[in-house]
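Enquirer:
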Amino acid sequence: MVITKSNTTTDKEQATSKPEYDRVSELKAFDETKSGVKGLVDAGIKEVPRIFYHQFEKDSVSGGTQVSIPVIDLEGAKKNPTTRKEIVEKVRNASKTWGFFQVLNHGIPMSVMEEMKNGALSFFEQDVVAKKQLFSRDYTKRVVYNSNFDLYSAPAAKWRDTVFCSIAPDPPKPEELPEVFRDITLEYSKQVMNLGYLLFELLSEALGLNPDYLRDIDCAKGLVMLSHYYPICPQPELTLGSSKHADNGFLTVLLQDHVGGLQVLHENHWIDVPPTPGALVINIGDLLQLISNDSFTSVNHRVLTNSVSPRVSVASFFTTALLPDSRLYGPIKELLSEDNPPKYRETTVKDYITYFNAKGLSGTSPLPHFRL
Numbered sequence: 026m027v028i029t030k031s032n033t034t035t036d037k038e039q040a041t042s043k044p045e046y047d048r049v050s051e052l053k054a055f056d057e058t059k060s061g062v063k064g065l066v067d068a069g070i071k072e073v074p075r076i077f078y079h080q081f082e083k084d085s086v087s088g089g090t091q092v093s094i095p096v097i098d099l100e101g102a103k104k105n106p107t108t109r110k111e112i113v114e115k116v117r118n119a120s121k122t123w124g125f126f127q128v129l130n131h132g133i134p135m136s137v138m139e140e141m142k143n144g145a146l147s148f149f150e151q152d153v154v155a156k157k158q159l160f161s162r163d164y165t166k167r168v169v170y171n172s173n174f175d176l177y178s179a180p181a182a183k184w185r186d187t188v189f190c191s192i193a194p195d196p197p198k199p200e201e202l203p204e205v206f207r208d209i210t211l212e213y214s215k216q217v218m219n220l221g222y223l224l225f226e227l228l229s230e231a232l233g234l235n236p237d238y239l240r241d242i243d244c245a246k247g248l249v250m251l252s253h254y255y256p257i258c259p260q261p262e263l264t265l266g267s268s269k270h271a272d273n274g275f276l277t278v279l280l281q282d283h284v285g286g287l288q289v290l291h292e293n294h295w296i297d298v299p300p301t302p303g304a305l306v307i308n309i310g311d312l313l314q315l316i317s318n319d320s321f322t323s324v325n326h327r328v329l330t331n332s333v334s335p336r337v338s339v340a341s342f343f344t345t346a347l348l349p350d351s352r353l354y355g356p357i358k359e360l361l362s363e364d365n366p367p368k369y370r371e372t373t374v375k376d377y378i379t380y381f382n383a384k385g386l387s388g389t390s391p392l393p394h395f396r397l
């Protein structure tokens, strides 16, 4: 039975009622500025618009726990078999228990990392007219600038702007990239690909497989790079730079600046991931959890905003989501047994990502949808 309110309204009710919040209209108005969140801040807003309001969970505790994600030194991983075995064990434990770890001595020079961060910052802080030339929501394009890929599907908008670059297997032409960080994007992404190859070798060995196993099934074939800009926020308690979510690809390599704000959900506590000089943050994606049959864990994380300093990060996602690939991914058969039967049904990357994107960054994992 459906109960409806009477259409009869008293004069007093009419006088005191407020106009309804038209969320869709406000989203469109924000999107049509093509100026992103930074445009709001540059306009001098003092209050966070309602489209950015987030419902903060009461069942997860923020801070107060003196633990930190593992930091793994990759020095010697390519040359010393004994050291490599120790590193593989650390990678296995971190990937199962945390789903996150930081790496040092990863082979990417500090100067390249600094230049990449500075290049991303320069893009977002340039005149809005230059950025608008790349504004789009068409991800068949090689390079796209916008705010919130899931603006119209997520429960709340995030306090961030993003430039998206499709890097591998077909890199963009240099002229397709923004001039302010063209050269460094090509250089940094090349080095991230090389690091990815090493990480997938270590992860393969951590599963007890041949070092080339994950590369051979194309886990390292595709790379998408997202440079995020999180502007200063006048009311950080109302919104998030990135809402609770797990990454949908195979693996993510994150370069973050000195500001901080990234948190990982571990044993129902939000744990800070403080910037570590020279380190990169690595996290397991949903598809790697799926094919590892839960040997590895894709973990929820988020980014807080702040009222003091803007934050920049560069997230490199190993995924074939943008490729016309019909390969089916399911739990790796070599890992299965009577004691460890498959926990997921097979899926293409495209189908998984389509399901993920339809939900937006809602904080609810798509993995249960694919569980047997």
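Numbering (this note's numbering), first residue to last: 26 to 397. Heads up, the beta-carbon is just placed ideally off N, CA and C, and yes, glycines get one too.
#1: Identify whether N365 lies in helix, strand or coil by the three-state DSSP scheme.
#2: Quick one, which of G101, G144, G310 and P366 has its alpha-carbon nearest I378's?
#3: Given that a residue counts as buried once 16 or more other Cβ atoms are within 10 Å of its Cβ, and exposed if not, what is A155?
#4: For A346, does the count of other Cβ atoms within 10 angstroms reach 16, so buried, or fall short, so exposed?
#5: Going by the beta-carbon positions, is the gap between P335 and P391 smaller than 8 Å?
#6: Restricting to runs no shorter than 4 residues, where is the alpha helix (DSSP H) found entirely within the region 231-289?
#7: As an exercise, report each continuous beta strand (DSSP E) stretch of at least 3 residues that is fully enclosed by the region 164-201, in chain order.
#8: Quick one, are the C-beta atoms of V339 and M250 less than 8 Å apart?
#9: Buried or exposed for V298, going by 16 or more other Cβ atoms inside 10 Å?
#10: In three-state DSSP terms, what is T379?
#11: What number of angstroms, rounded off, separates the C-alpha of L220 from the C-alpha of D98?
#12: Can you list, in chain order, the residues of its chain whose CB lies under 7 Å from that of N130, leaving out five sequence neighbours each side?
#13: In this structure, what does DSSP give as the bridge partners for V328?
#14: Pairs of beta-carbons, one from the region 192-212 and one from the region 135-143, closer than 8 Å: are there three or more?
#15: Could you pull out every residue in the same chain whose Cβ sits closer than 8 Å to the Cβ of L361, ignoring the five residues on either side in sequence?
#16: Helix, strand or coil, according to DSSP, for I76 in the structure here?
#17: Leaving out five residues before and five after V286 in sequence, what residues of the same chain have Cβ atoms less than 8 Å from its Cβ?
#18: Find the nearest neighbour of R167 within the set A193, F148 and P180, judged by alpha-carbon distance.
#19: Please list the segments of the alpha helix (DSSP H) lying wholly inside the region 86-167, counting only runs of 4 or more residues, in order along the chain.
#20: State the DSSP-derived secondary structure class of N293, mapped to helix, strand or coil.
#21: For I70, which three-state DSSP category applies?
#22: Counting beta carbon pairs with one atom in the region 186-202 and one in the region 229-239, are three or more of them shorter than 8 Å?
Expert: Taking the definition as stated:
#1: DSSP, read as helix, strand or coil, puts N365 in coil.
#2: Closest by alpha carbon: G310.
#3: exposed
#4: buried
#5: no
#6: 238-241
#7: Fully enclosed beta strand (DSSP E) runs of 3 or longer: 168-171 and 186-193.
#8: Yes. Within cutoff.
#9: buried
#10: helix
#11: Going by C-alpha positions, L220 is about 13 Å away from D98.
#12: If the five residues before and after N130 are omitted, its C-beta is found closer than 7 Å to the C-beta atoms of D98, L99 and E100, all from its own chain and listed in chain order.
#13: S267 and L287
#14: yes
#15: N318 and P367
#16: Of the three classes helix, strand and coil, the one that applies to I76 here is helix, per DSSP.
#17: Here the sequence assigns Gly to residue 286, which means Val is not the residue at that position. Same-chain partners within the cutoff: Y255, G266, V328, L329, T330, N331 and R336.
#18: A193
#19: Counting only runs of 4 or more, we get 106-122, 135-150 and 153-157.
#20: The answer is coil: DSSP assigns N293 none of H, G, I, E or B.
#21: coil
#22: no
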